[in-house]
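A.B. asks:
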Amino acid sequence: MRSKTFTHYQVGILFLFLFFGFKTQTYSQATNASISGQVKDENGEPLIGAALLIKNELTGFTASAITNLTGNYTVNQLPLANDYSVTCTYMGYGTKVFTGYAVSQGDRIKLDIVLSEEAQSLSEVSVVANSLSNSIDRFGSSTAVTAKDMATLPVNGRNFNSLVDLSPVSNGSNLLGQLYSSTNYTIDGMTNRSPLSSGSTNRGPFSISMEAIREFEVSTNDYDVTNGRSGGGIISAVTKTGTNTVHGSAFLFNRADWLSSKYDTRGNVREDEFAIQQYGFTLGGPIIKDKLHFFLAYDGQRDARPLYIADIRTPEDENRYNLSQESLDRYLQIARNEYGVAESPQTGSFDKKRYSHTAFARIDYQINKSNLLTIRNNFSRDLNSQGVSDNSSINLYEVYGDHLSTANSLMASLRTEISNKLTNELKLQYLYTLDDGSPNAQLPSSNIPRAIVQRVESEVDGRNVNTTIQLGGQRYLPERFESNVYQLVNNL
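Numbering (the working numbering), first residue to last: 19 to 510.
1) Taking DSSP as the reference, what is the three-state secondary structure of T80?
2) Tell me whether M109 sits in a helix, a strand or coil according to DSSP, three-state version.
3) Please determine, among L452, S423, P496, T77, the residue with the shortest C-alpha to C-alpha distance to N502.
4) Considering only residues of the region 352-430, which uninterrupted alpha helix (DSSP H) runs meet the minimum length of 4 residues and lie entirely inside it, listed in chain order?
5) Assign E75 to one of three DSSP states: helix, strand, or coil.
6) Using the Cβ count rule (16 or more neighbours within 10 Å means buried), how would you classify S151?
7) If you follow the alpha helix (DSSP H) that N337 is in, where does it begin and where does it stop?
8) What distance in whole Å lies between the Cβ atoms of K258 and G302, which are believed to be in contact at a cut-off of 8 Å?
9) Going by Cα to Cα distance, which pick from V256, M429, E291, D59 is closest to I131?
10) What are the boundary residues of the alpha helix (DSSP H) that includes D167?
11) Would you kindly report the start and end of the unbroken beta strand (DSSP E) that includes E233?
12) Taking all protein chains shown into account, decide if P363 is buried (16 or more other Cβ within 10 angstroms of its Cβ) or exposed.
13) To the nearest whole angstrom, what separates the beta carbons of F234 and S254, a pair I think is in contact under 8 Å?
14) Only counting the same chain, and skipping five residues up and downstream in sequence, which positions put a Cβ closer than 8 Å to that of G30?
15) Nearest to I84 by alpha carbon, out of K445, T332, A69?
16) Tell me whether I72, by its Cβ, gets closer than 8 Å to a heavy atom of the ligand NAP.
17) Nearest to S423 by CA position, among S225, R493, Q384, A360, is which residue?
18) Check each candidate in N174, Y494, N74 and name the one with the smallest Cα separation from V417.
19) So the beta strand (DSSP E) E291 belongs to, where does it begin and stop?
20) By the three-class DSSP mapping on this structure, what secondary structure does D275 have?
21) Using the rule of at least 16 other Cβ atoms within 10 Å of the residue's Cβ for burial, across every protein chain shown, is D479 buried or exposed?
22) How big is the Cα-Cα spacing for G251 and Y203?
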C-alpha cells in the first residue's frame with residue numbers, strides 16, 4: 019500500500035501566501051525563536067534607526083535589525099543556541115553589548131535597551147546575562163526538556179520520548195487522556211508522524227538518536243490552526259548543529275550474557291542468549307569557520323532475549339499454561355501428521371534478536387549575511403525477528419513473523435533576511451516510511467492457512483483445564499505499508 023500527501027493545489031495556496039504578502043508569525047510550526055524589544059535614550063525617548071546585531075557566538079551566525087519610528091525592533095526565526103550576543107549601536111551614543119543569552123525552542127525574548135550619549139559613555143558597555151526571563155506568548159501549555167535534562171536523567175532504551183513523562187499531562191505517548199494516535203510528532207518543525215500508526219515514524223526502540231536531539235517540548239491545549247493534527251498534544255524536537263569547535267562523543271553499554279543469571283524467572287536453566295548492547299557516537303565541528311558546520315550522530319542497539327512458547331518443564335509450568343505436556347505432544351503430533359507443521363521445534367525456548375540503527379547528519383551553511391541554508395537527514399532501521407505474533411493464548415513458533423521498519427526524512431531549510439524588518443524561512447521535507455511484515459520462513463509466502471484450536475483440554479493437578487493453540491499463519495502477516503510524504507512550510 020502506498021500513500022502520498024501533497025497536491026499541486028496545496029503548493030499553489032502556499033505560494034499565494036508567500037508572494038501576495040500574507041504575513042504571519044507562526045511560532046508553533048517553526049521551531050526557531052525571536053528577540054525583540056525597544057531602544058531608548060536615558061530620557062525614555064525612542065531612538066529611531068538604531069542598529070542591532072544578533073550573533074551566535076558558537077557558529078558565527080548573524081542577524082540584524084533597525085529600530086522603527088517607535089524604537090522597536092524584532093528579529094525572527096533565530097536558530098537555537100546557548101550563547102547569543104546582542105550589540106546595539108546608534109550614532110552619537112555609546113555601544114552596548116549583551117552576551118551569554120540562551121535561546122530555546124519557541125522563545126520570544128524581550129530585550130529593552132537604554133543607550134547613553136557618547137559624552138557620558140566613551141567606551142563600549144558589556145552586559146553579561148546571568149538570569150534571563152523569557153517572555154513567551156503561547157496558545158497552550160508546554161513542558162520543555164533540555165539537552166541537560168536528557169544528559170542527566172536516566173533513560174531506559176535511549177528513546178527521548180521516555181522523558182515525555184516529565185509533562186504533568188502525559189501518560190507515555192498519550193497526552194491529556196487522548197489516544198497516542200492523537201499526538202503529533204515533529205522534528206525541526208516538520209512532521210515525524212507515521213501515516214500508518216499515527217505515532218512516531220519507526221516502530222523500533224527509537225526513531226532518532228538521543229545524541230542528535232538538542233531539546234524537545236511537549237505542548238498541549240494548543241488551538242493554533244497550524245497544529246490541527248494534534249488532538250492530544252505535540253512532541254516537538256529540535257536537532258543539534260555543529261559549532262566552531264570540533265566536538266564529539268562515543269558510548270557503549272554492554273549487558274553481556276555471562277553477566278545474566280543462568281536461570282530464567284521460573285528458576286529453569288536458561289538455554290538462549292540474554293544480552294543487550296547499545297553503542298554510538300557523535301561528531302561535529304566547522305568545515306569553514308563561521309560559515310559551514312556539520313554534525314553527525316549514530317545510535318545502534320542489539321537486543322537478544324529468549325522467546326518462550328509453551329515452554330513446559332515443570333508441573334508449575336503446566337499450571338501456568340493450563341496445558342499438560344501430554345496434551346501438547348498430542349496436539350503437535352496431529353498438527354504435523356494432518357496439517358504439515360514442520361518437524362522442527364514449535365514450542366520451548368528460542369533465540370530471538372532485534373537490531374536497531376539510526377544515523378543522523380546535518381549541515382548548516384551561512385551562504386551570506388542574509389541567507390542560512392540547513393540540510394539534514396535522519397535514517398532509522400529496525401529489524402525485529404520473530405517479533406509479530408497473533409493473539410491466541412499459545413502460538414506455535416511457525417506463527418511468529420519478522421517485522422522491518424524503515425524511515426528516512428530529508429529536510430532542507432532556507433532562512434532569508436529580506437530586510438531589517440522582514441525574515442522568511444522556507445522548509446521542504448521528504449519523508450519515506452516502510453513497514454514490512456513477513457511470515458515465518460517455515461510457511462509459504464502467500465495463501466497461508468491459519469488454524470485456531472480452541473478448548474485444547476488437559477488434566478493438571480486433578481483439574482480439567484483448557485487453552486487455545488494456533489498454528490499456521492496469522493491475521494497481521496504478510497503486510498507491507500510504504501508511504502511517501504512531501505511537506506512544504508513557509509514562515510514569513
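In this text, a Cβ means the ideal position worked out from N, Cα and C, and glycines have one as well.
Values in this document were obtained by computation on a predicted structure and should not be read as measured data.
C.D. replies: Looking at the atomic coordinates:
1) For the purposes of this step, residue 80 is taken as the residue at position 62 of the sequence shown. Looking at T80 - three-state DSSP - the assignment turns out to be strand.
2) In the sequence shown, the residue the question calls residue 109 occupies position 91. M109: coil per DSSP, three-state reduction.
3) On the sequence shown, position 484 is the one that residue 502 refers to. Looking at the Cα atoms, L452 is the closest of the given residues.
4) Counting only runs of 4 or more residues that sit fully inside the region 352-430, no alpha helix (DSSP H) segment turns up.
5) Locating residue 75 in the sequence shown gives position 57, where the first residue counts as 1. Three-state result, E75: coil.
6) As a working mapping, residue 151 is identified with position 133 in the sequence shown. In this prediction, S151 has a pLDDT of 43, which is less than 50 and means its spatial position is unreliable; nothing more can be read from the coordinates.
7) For the purposes of this step, residue 337 is identified with residue 319 of the sequence shown, where counting begins at 1. Note, N337: alpha helix (DSSP H), 333-339.
8) On the sequence shown, position 284 is the one that residue 302 refers to. On the sequence shown, position 240 is the one that residue 258 refers to. Sure, about 7 Å apart at Cβ, within 8 Å.
9) Numbered from 1 along the sequence shown, position 113 holds the residue referred to as residue 131. Out of V256, M429, E291, D59, the CA that lies nearest to the CA of I131 is found in D59.
10) Taking the sequence shown and counting its residues from 1, the one referred to as residue 167 is at position 149. Annotation for D167: the continuous alpha helix (DSSP H) segment containing it runs 165-170.
11) On the sequence shown, residue 233 is found 215 positions in, with the first residue counted as 1. Bounds of the beta strand (DSSP E) holding E233 are 231-238.
12) Looking up residue 363 in the sequence shown gives position 345. Exposed: under 16 other Cβ atoms inside 10 Å.
13) To locate residue 234, count along the sequence shown from 1; it is residue 216. To locate residue 254, count along the sequence shown from 1; it is residue 236. About 6 Å separates the beta carbons of F234 and S254, which is inside the 8 Å limit, making them a contact pair.
14) Here residue 30 corresponds to residue number 12 of the sequence shown, with the count starting at 1. Below a pLDDT of 50, predicted positions are generally treated as unreliable, and G30, at 46, falls in that range; the measurement from the model is reported next regardless. Counting only Cβ-Cβ distances below 8 Å, and skipping sequence neighbours, we find nothing.
15) Here residue 84 refers to the residue found at position 66 of the sequence shown. Residue A69 is the option with its Cα nearest to I84.
16) No copy of the ligand NAP occurs in the structure displayed, which carries no ligand at all.
17) For the purposes of this step, residue 423 is taken as residue 405 along the sequence shown, with counting starting at 1. The alpha carbon of S423 has as its nearest neighbour, out of S225, R493, Q384, A360, the alpha carbon of S225.
18) Counting from one through the sequence shown, the residue named residue 417 turns up at place 399. Checking every option, the nearest Cα to that of V417 belongs to Y494.
19) Looking up residue 291 in the sequence shown gives position 273. Element bounds for E291: n/a, residue is neither H nor E.
20) Position 257 of the sequence shown, counted from the start, is the residue given in the question as residue 275. Helix at D275.
21) In the sequence shown, the residue the question calls residue 479 occupies position 461. By the C-beta density criterion, D479 is exposed, having fewer than 16 other C-beta atoms within 10 angstroms.
22) Residue mapping note: residue 251 aligns to position 233 of the sequence shown, counting from 1. Residue mapping note: residue 203 aligns to position 185 of the sequence shown, counting from 1. Distance between the alpha carbons of G251 and Y203: 9 Å.
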